[in-house]
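Remarks on the structure that follows.
In my numbering, the protein residues as written are 94 to 352.
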């Protein structure tokens, strides 16, 4: 766990080569294995002066690129906290040839225009390279709103969460012209719990076996051939406008052919 001290007269920098004597002995090709990110941890001190903290990569041609702590919205004052902070950097942001990285540097202050500055001590640990992975802290606010599963991907998992929660709260009962809970369990009548009493009669169904357990209380099993419930033709069931709303739980017995 290296200690990194700020020089009060100049910018401070520590540099390590990827290969050669006294090097890190790591593969200089940082595109292999689909590497995408550099991660490191640092530990600050309450007495540290606030100076820009950066990581610099230099490629085989001598071209260098630098990323400063705060570029991703981090708080530069974190170096004043005596606790560990993870810093994640996208490799492409360095703008160098990642197929041959010669060295990596960590520094403080203005490297391009050194000026007398502050002082302090910062510890660094666990400097690592990673393939693509999920950093929840780097998601935009808009993306985080729809990433319910918190895996940095919006896919069928989010649809599953949405579907499971759409009807978690029971719909209101106001203005219902039919409310068949299908909790009757026995008999040949499906009771209507609305104020209209549009009770249904089971047609071509077996009350002994077609009353089954549903997702909420009871349910009815239809054979997909001639089973139905006749709720008659009361005026309350007449469709007089252009729109109606229906809600029901439906489970396919064989999803392959929707039977």
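For glycine and all other residues, C-beta sits at the position ideal for the given N, C-alpha and C. Here the structure is a predicted model, which is why all the values come from computation and not from measurement.
Cβ neighbours of residue 112 within its own chain (closer than 7 Å, five residues either side excluded): 118 and 121. Beyond the five residues adjoining it in sequence on each side, residue 228 comes within less than 6 Å, by CB distance, of 181 in the same chain, given in chain order. Per the DSSP secondary-structure output, residue 236 pairs with nothing in a beta bridge. Remark: C-beta atoms of residue 137 and residue 171 approach each other more closely than 8 Å. Close CB contacts of residue 188 within its chain, under the 7 Å cut and outside five residues either way in sequence, are with 158 (chain order). For residue 329, same chain residues with a beta-carbon under 7 Å away, outside a window of 5 residues either side, are 270, 289 and 291 in chain order. For residue 250, the secondary structure class from DSSP, reduced to helix, strand or coil, is helix.
Here residue 147 is near residue 161, since their CB atoms are less than 8 Å apart.
For the pair of segments examined, the region 276-288 was found not to touch the region 242-255: the number of CB pairs separated by less than 8 Å stays below three.
Under the three-pair Cβ rule at 8 Å, the region 222-236 does not count as touching the region 189-198.
The residue among 153, 295 and 145 with its C-alpha nearest the C-alpha of residue 169 is 145. Apart from sequence neighbours up to five positions away, the residues of its chain that approach residue 272 with a beta-carbon distance below 7 Å are 266, 285, 286 and 287, ordered along the chain. Residue 325 carries a coil assignment under DSSP once its states are collapsed to helix, strand and coil. Under the three-state reduction of DSSP, residue 126 is assigned to helix. Runs of the beta strand (DSSP E) lying entirely within the region 142-204 and spanning at least 3 residues, in chain order: 146-152, 157-161, 177-183 and 194-201.
Comparing alpha-carbon positions, the option among 173, 153 and 154 lying closest to residue 140 turns out to be 173. Taking a C-beta distance under 8 Å as the contact criterion, residue 339 and residue 313 do not qualify as a contact pair. Only residues of its own chain outside the window of five on either side were considered, and among them 224 have a CB closer than 7 Å to the CB of residue 126, listed in chain order. In the DSSP assignment, residue 116 forms no beta bridge with any residue. Annotation: the continuous beta strand (DSSP E) that includes residue 304 extends over 304-306. Look at residue 283 here: in three-state DSSP terms it is strand. In this structure, residue 190 and residue 156 form a Cβ contact; the two beta carbons are roughly 7 Å apart against a cut-off of 8 Å. Counted as a single uninterrupted DSSP element, the beta strand (DSSP E) harbouring residue 216 occupies residues 214-223.
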